[in-house]
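Residue numbers (the numbering used here): 1046 to 1390.
Just so it is clear, CB atoms sit at the ideal spot from N, CA and C, and this is done for glycine as well.
Because the structure is a prediction, the values reported are computed rather than measured.
Below is one structure, written out as structure tokens; the observations come after it.
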């Protein structure tokens, strides 16, 4: 139970927007929630800033939601979002971003591996003029072969493709200024790529080493399937980086390649058919004796298809940018939320 003085130092949501918004996706972390919240309380007390703590229950099947209700009843800064089912970490992160009202948004894991004490260091770095400060688990407490080595490789590739050189895209502990994250739409496993999105929007991005603790309770939610998903999302990131607003270019390149293959196949088939005319009977072949005419027709049809797909993609991109405003999650209930009266979201 928080003290009256603690309540006084943290203004009510109905009075003003908080300075900080912490949001934590939760999936079956019943053993970690109370110890984690105690650490958050201690860290926020030292910061002496107004704050809200948003827990997003991502379809937990244990007692996590029940414990979160109890925590929300004890701490007026706590808000709880319960999603209808398990949508994944990216959707839970998106729900936290959408609900946050603070000037600075700080996501983190609820499994006690992130240390809330590092929040102060993230804020100090933000005050140097940066818009995004990413945590770097320099001394990561995970298995070398299954977690560390794939992470090193993935971070190197992501940095090269995304153009933002960070050591640890997978670290959830980050700090964002509100204006660089509030309009970000997340899909797949793309929460880890938020610094890239922010950089594309002109944000100044940096990173600092943060503490990382070994998991002592609960089970890790990461597996090889997530690595595969990240690979596909990385392909999407590359496409978005180069062709997000001009998809006709990438489809046009494939259409052009298919068209030239079609032309070459057709001309070569005509050459073989007319080889006797040029005095080259050894090369003669009728249309039915070579697959080139079929290849010519098929590749020409494919080139037309690519052009039409490119035009369709252009229409979809314009529809997305002009009218897309749909979340990728459904909220079952919200606990502890009040309207902000002095500032528009």
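| Query | Result |
| --- | --- |
| Local Cβ density within 10 Å of residue 1205, reported as buried at 16 or more and exposed below that | exposed |
| Pick from 1358, 1085, 1148, 1351 that is closest to residue 1224, judged by C-alpha positions | 1148 |
| Residue 1135 in three-state terms, based on DSSP | helix |
| Reference residue 1135, options 1238, 1335, 1199, 1327, closest by Cα | 1238 |
| Where residue 1093 falls, given that 16 or more other Cβ within 10 Å makes a residue buried | exposed |
| Straight-line gap, residue 1038 to residue 1300 (C-alpha atoms, nearest Å) | This structure cannot speak to residue 1038, because the chain is shown only from 1046 to 1390. |
| Proximity below 7 Å, CB of residue 1255 to CB of residue 1218 | yes |
| Stretch-stretch touch, CB-based, cutoff 8 Å, three pairs: the stretch 1241 to 1252 with the stretch 1149 to 1166 | no |
| Cα-Cα separation, residue 1068 to residue 1295 | 37 Å |
| Closest Cα partner of residue 1381 within the set 1123, 1074, 1132, 1142 | 1123 |
| Selected residue, minimal CA-CA separation from residue 1077, among 1127, 1158, 1114 | 1158 |
| Counted within 10 angstroms of its Cβ, other Cβ atoms place residue 1314 as buried (16 or more) or exposed | buried |
| Buried versus exposed call for residue 1074 [16 or more other C-beta atoms within 10 Å across all chains shown] | buried |
| Residue burial classification, residue 1097 (beta-carbon count within 10 angstroms, cutoff 16) | buried |
| Burial state of residue 1179 (16 or more Cβ within 10 Å) | buried |
| According to DSSP, residues forming a beta bridge with residue 1376 | 1128 |
| Boundaries of the beta strand (DSSP E) in which residue 1066 is found, first to last residue | 1065 to 1071 |
| Beta-carbon separation (whole angstroms), residue 1297 vs residue 1352, contact threshold 8 Å | 7 Å |
| N- and C-terminal bounds of the beta strand (DSSP E) containing residue 1150 | 1149 to 1152 |
| Cβ-based burial, residue 1323 [other Cβ within 10 Å; buried from 16] | exposed |
| C-beta contact flag for residue 1177 and residue 1243 at 7 Å | yes |
| Own chain, CB closer than 7 Å to residue 1241, minus 5 neighbours either side, in chain order | 1207, 1209, 1282 |
| Euclidean distance between Cα positions of residue 1065 and residue 1116 | 18 Å |
| Coarse secondary structure for residue 1202, derived from DSSP in three states | helix |
| Local Cβ density within 10 Å of residue 1342, reported as buried at 16 or more and exposed below that | exposed |
| Residue 1330 versus residue 1284: straight-line alpha-carbon distance, rounded | 43 Å |
| Inter-residue spacing [alpha-carbon to alpha-carbon] between residue 1089 and residue 1199 | 33 Å |
| CB of residue 1072 within 7 Å of CB of residue 1103, strictly | yes |
| Unbroken stretches of the beta strand (DSSP E), 3 residues or longer, contained in the stretch 1074 to 1123 | 1096 to 1102 |
| Inter-residue spacing [alpha-carbon to alpha-carbon] between residue 1335 and residue 1354 | 30 Å |
| CA nearest to the CA of residue 1145, picked from 1197, 1062, 1182, 1245 | 1062 |
| CB contact flag (residue 1101, residue 1155, <7 Å) | no |
| Cα-Cα separation between residue 1084 and residue 1361, rounded to whole angstroms | 46 Å |
| Closest by C-alpha distance to residue 1302, when choosing among 1346, 1288, 1142 | 1346 |
| Rounded straight-line distance, which links the Cα of residue 1143 to that of residue 1227 | 7 Å |
| Rounded straight-line distance, which links the Cα of residue 1162 to that of residue 1258 | 12 Å |
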